[in-house]
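Line order of the protein sequences matches chains A and B.
Read in order, the letters of the first sequence correspond to residues 0 to 596 in numbering that gives the first Met the number 0.
Read in order, the letters of the second sequence correspond to residues 0 to 318 in numbering that gives the first Met the number 0.
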Amino acid sequence: MQERELRDLIEDVRRGELPRRSFIQRMVGLGLTAPMASMMLMHAGVAQAQVPPIPYKGTKRGGGGVLKLIWWQGAVHLNPHFAGGTKEQDATRVFYESLGGWDSEGNLIPMLAAEIPSRANGGLAADNRTVTWKLKRGVTWHDGQPFTADDVVFTAAYAGDPATATVTVATYKDLKVEKVDSHTVRVIYPKPTPYWAEAFTGSFGMILPKHVFEPYIGAKSRENPANVKPVGTGPYKFVDFKPGDMLRAEANPTYHVPNQPFFDALELKGGGDALSAARAVLQTGEFDFAWNLAVEDEILKRLEAGGKGKLVFLEGSDIEFISLNCSDPWNEVDGERGSIKSKHPAFQDKAVRDAMALLIDRKGVQDFIYGRGGIATSNFLNNPPRFRSPNTKYEFNIDKANQILEAAGWKKGGDGIRAKGNVKLKFVFQTSVSQPRQKTQAIVKDACTKAGIELELKSVTAAVFFGSDAANPDTYQKFWSDIQMYTTTMTQPDPQIFMEQFTTDQIAQKANKWASRNLVRWSNAEYDAAFKAAQGEFDPVKRAALFIRMNDLVVGDNHVIPLFARPRPRGYATKLVPALSAWDNDTWALGFWTRDA
Amino acid sequence: MFNYILRRLLIALPSLLGISLILFTVLALAPGDPFEELAQNPNVPPEVRMALRAQFGLDDPIWQRYFYWLVNMLRGDWGFSFVSRIDVDELVLQRLPVTIAVIGMSQVLALAVALPVGVLAAVKPYSWFDRIASTFAFIGFSLPTFFTGVLFILFFSIYLGWLPFVYRADLPETGWQWWWAQFRQSIMPIMVLGLFQAASWMRYVRSSVLDVVRLDYVTTARSKGLAERVVINKHVVRNALIPVVTLVALQMPAVFGGAIVTEQIFRIPGIGSLLIDAILRNDTPVIMAVTFVFAALVIVFNLIADILYGWLDPRISYR
């Protein structure tokens, strides 16, 4: 889809001929994220007026009893800017709020902001570098202090200080944040930034109270008692916390949203395993809500049959995919295996890659292994099957694979394995130890054998495979095998960081201790140019077209073969009415949760 | 006696040092990285991870890190957890009460079952009672706790719906209700652990009593006309207890170490679950602290067992 067509679509939305929702769904189908699509509309001056409010059934504060949540991995601290994973982010979001959060449609919903900045309200300057946030008035911290612009300015300084060692440092370190008045802040990016809403929104944007954190900025950050005793602005305030086990909170009587929260208290239990967490919600009803139920779909369906709880699959952007190594993992060049100077003997032939893509029975694997937890896809960026991109498609066809290989001169030898010259189609296929992955490996191997390709299956313990130990030869970062399979996650609504992983600059190699992210070592000049253009392109429509192009380039080359979108299952008690989002933390809108009588 | 204890404690020092060295080296050589989660999160640039590694001293050579750990440990500073950045001693102390309560109760239960059943079975060997008790004992210690635990949950919590299977350390109830809730949530893990332990201890008690009951002095005591109760309690059991004391004493560190699998199944926030979480997250300081405390306790309880021998059997002297 080209820039022109995108513009026409946006024009249709403006005129009211195309519902906002359909537009966003189409963009998602093209491999964009919903928040990005919504930002395109905002930029074009299509206001968020059509954004429906989050439904809330409560009529008064409190009276709802205790809300019991179970996370099968417990949070170990409660500082949002130390939180690398969702478990800590979710737990801290109970107490802390961001200026805005992302709903499932990708709309930015104001939380601590009075309104979302836009061209129309003067929040977004014409230079594409300056964003002015108006803050909500009358908000108090749990200890009674007022929430002001100083807190926002401080949060950026705290998180952006490398000595504090936050995980959000990259977002804030080059940012200039100024206080305009007591309830207005101006955010200035070092250069024109198309995706201006990264700071202060969502899971990376939780605002900290200056008066509590100021004495502990920098190297002393670890000693702050507030790392385990949070003081926030959220719907629930802190009661007690045992790291890795139990978090207790009670309703905040001075919460800034009227009639919220519905529940009197909240408990978040951590630890155990996913299956018994699913049982506690779906079978015994001891808990109201469970996070990330990574359990085989067949079992979940059985538990759900009891009728006590339901499952919801949030379509985020986790993608399970196969990489075909671009470099030669078996022979050293300049003392390095998988050197970027080498070429993979077989995969440098596009015919072999195309054949490999045809030999993966995505539909079969989805039906028999992943169920609702893995939806076959042909796009690298998230793609629900209803809105499949017209540019790419997937197919399972052994005959066609055979034909392609035959035509390219790969002839079957006496042992049934195809070869050309002295290169044989014999590959090592590695992944982490996990039942569905080993089953998938076996299915791929079976199809490959029929096409004259021999696969040797290898599975590495997850701790080693995903560990970043530079001395271990079996990590996914080194990728010292021909083929590997794993899931990659896009937690941020903007795809820029995500798509960076296929740029030439990001190729993982010895020189950078394999710490960068282009593990397949794919390099494409057109892709690099498109990425560079997208980085500096602040017209969101042009930018979107660039990302779509990048997606098509990666997928079209077949070094990277997307398999499944992996929606994350959450379980909840039948009577609970949660407010969830695929683009933000599970607890992002906890104030809106209610329970039917 | 005092000299003996002092000598034993002095011998314990080098062994503790050796243990800590081995533990530290193995952990340092093991694969994994506490910041693995960050490595997998594309929004966190690799520099953040590198900076954290450097800040927490993970890039220093192993001997330097060990030395640093040892000096701090001697000063009473246990270090801090890499993943939560909380002091390790605080984490351990938080988990200790629950572990002692649940595991301690299960050991008490195990003793309360194993001692009388073992003695009775040995006094009348190959009677119906002995046969039934032995059969149950064999079943008991052949079934691993992770199996019985899940079985209990499926039956009592899910099929019957009587008991909760998620343990909570801070019950909201007060007074009698608190005790009742505590009983309901602890009964399954205590039974699972206690009966498993009781099964093997019962066999030990039985065989040890069987050995003693045949000795001449017991026959003498009986021919003196002493009541059977007195013979068994005063003369047989007391002597038969010596090997059992060793077993129980060596088991005591487990009370502090927790029961890793059972704690995980019932979500008991004890030391065992702290340890397994720390291992899964490669949180070296926590693993180090818990395993080291465990090693120290094994040594201490060995000593206590040796001292108890003397009390049970005055013929054993300490030089």
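Ideal placement from N, C-alpha and C gives every residue a C-beta, glycine not left out.
Beta-carbon spacing of residue i, residue j below 8 Å
i: Met38 (chain A); j: Ser316 (chain A); result: no
i: Arg352 (chain A); j: Asn523 (chain A); result: no
i: Ile482 (chain A); j: Asp360 (chain A); result: no
i: Met484 (chain A); j: Thr430 (chain A); result: yes
i: Ala350 (chain A); j: Ala407 (chain A); result: yes
i: Ala295 (chain B); j: Leu15 (chain B); result: yes
i: Pro344 (chain A); j: Val427 (chain A); result: no
i: Asp149 (chain A); j: Lys175 (chain A); result: no
i: Arg3 (chain A); j: Val12 (chain A); result: no
i: Val47 (chain B); j: Val166 (chain A); result: yes
i: Pro79 (chain A); j: Ile85 (chain B); result: no
i: Asp583 (chain A); j: Trp290 (chain A); result: no
i: Gly337 (chain A); j: Phe478 (chain A); result: yes
i: Trp140 (chain A); j: Val230 (chain A); result: yes
i: Pro188 (chain B); j: Tyr166 (chain B); result: yes
i: Ser377 (chain A); j: Val554 (chain A); result: yes
i: Arg542 (chain A); j: Ala533 (chain A); result: yes
i: Thr131 (chain A); j: Gly217 (chain A); result: no
i: Gly121 (chain A); j: Ala112 (chain A); result: no
Where residue i falls, given that 16 or more other Cβ within 10 Å makes a residue buried
i: Gln259 (chain A); result: buried
i: Asp215 (chain B); result: exposed
i: Thr173 (chain B); result: exposed
i: Tyr369 (chain A); result: buried
i: Ile336 (chain B); result: Missing from the structure shown is residue 336 (chain B); chain B here goes from 0 to 318 and no further.
i: Ser156 (chain B); result: buried
i: Ile4 (chain B); result: exposed
i: Ser388 (chain A); result: Low confidence applies here, because Ser388 (chain A) scores a pLDDT of 49, under 50, leaving its location unreliable; read the following figure in that light. That one is buried.
i: Glu536 (chain A); result: buried
i: Trp175 (chain B); result: exposed
i: Ile21 (chain B); result: exposed
i: Asp348 (chain A); result: buried
i: Arg6 (chain B); result: exposed
i: Asp180 (chain A); result: exposed
Under 8 Å by beta carbon: chain B residues contacting residue i
i: Lys268 (chain A); result: Val165, Arg167, Arg266
i: Ser515 (chain A); result: Pro45
Residues that residue i contacts on chain B, provided the C-beta gap is smaller than 7 Å
i: Pro34 (chain A); result: Within chain B, no residue comes near Pro34 (chain A); the closest Cβ sits about 14 Å away, beyond 7 Å.
i: Lys241 (chain A); result: Gln93, Ala168, Pro268
i: Val168 (chain A); result: Val47
i: Arg221 (chain A); result: Phe79, Arg84
7 Å Cβ cut-off: residues of chain A touching residue i
i: Ala50 (chain B); result: Pro161, Ala164
i: Ser185 (chain B); result: By Cβ distance, chain A contributes nothing, its closest Cβ being about 16 Å from Ser185 (chain B), past 7 Å.
i: Pro44 (chain B); result: Ala169
i: Ser272 (chain B); result: Gly270
i: Gln54 (chain B); result: Ala164
i: Asp58 (chain B); result: In chain order: nothing, as chain A lies at least about 10 Å away.
Interface partners of residue i on chain A, CB under 8 Å
i: Ile157 (chain B); result: Arg278, Gln282, Thr283
i: Gly160 (chain B); result: Thr283
i: Asp129 (chain B); result: None at all; the shortest Cβ gap to chain A is about 38 Å.
Contacts that residue i makes with chain A (C-beta to C-beta distance below 9 Å)
i: Gln263 (chain B); result: Gly270, Gly271, Asp272
**Item:** Cβ-based contacts, 8 Å cut-off: residues of the stretch 67 to 90 of chain B near chain A
**Value:** Phe79, Ser80, Val82, Ser83, Arg84, Ile85, Leu90
**Message:** Along the stretch 280 to 296 of chain A, where does the CB come closer than 8 Å to a CB of chain B? Name the residues.
**Reply:** Gln282, Thr283, Glu285, Phe286
**Message:** Please identify, using Cβ separations under 7 Å, the residues of the stretch 134 to 150 of chain B that lie next to chain A, in order along the chain.
**Reply:** none
**Request:** Could you run through the stretch 73 to 85 of chain A and flag, in chain order, every residue whose CB is less than 9 Å away from some CB of chain B?
**Result:** Gly73, Ala74, Val75, His76, Asn78, Phe81, Gly83, Gly84
**Item:** contact_flag[the stretch 202 to 217 of chain A, the stretch 173 to 192 of chain A] where n(CB pairs < 8 Å) is 3 or more
**Value:** no
**Request:** With 8 Å as the C-beta to C-beta threshold (strictly closer), list the residues of the stretch 227 to 254 of chain A near chain B in chain order.
**Result:** Val227, Asp239, Lys241, Pro242, Gly243, Asp244, Met245, Arg247
**Message:** Check whether the stretch 90 to 109 of chain B and the stretch 259 to 270 of chain B touch, using three or more Cβ-Cβ pairs below 8 Å as the test.
**Reply:** yes
**Request:** Spell out a yes or no on whether the stretch 50 to 67 of chain A and the stretch 548 to 568 of chain A are touching, meaning 3 or more CB-CB pairs, one atom from each, closer than 8 Å.
**Result:** no
**Message:** Taking 8 Å as the cut-off, does the stretch 303 to 319 of chain A touch the stretch 569 to 576 of chain A (at least 3 CB pairs, one atom from each stretch)?
**Reply:** yes
**Message:** Under 8 Å: do the stretch 280 to 294 of chain B and the stretch 240 to 248 of chain B share three or more Cβ pairs, one atom per stretch?
**Reply:** no
**Asked** Relative to chain A, which residues along the stretch 272 to 294 of chain B have a C-beta separation below 7 Å, given in chain order?
**Response** Ser272, Leu273, Asp276
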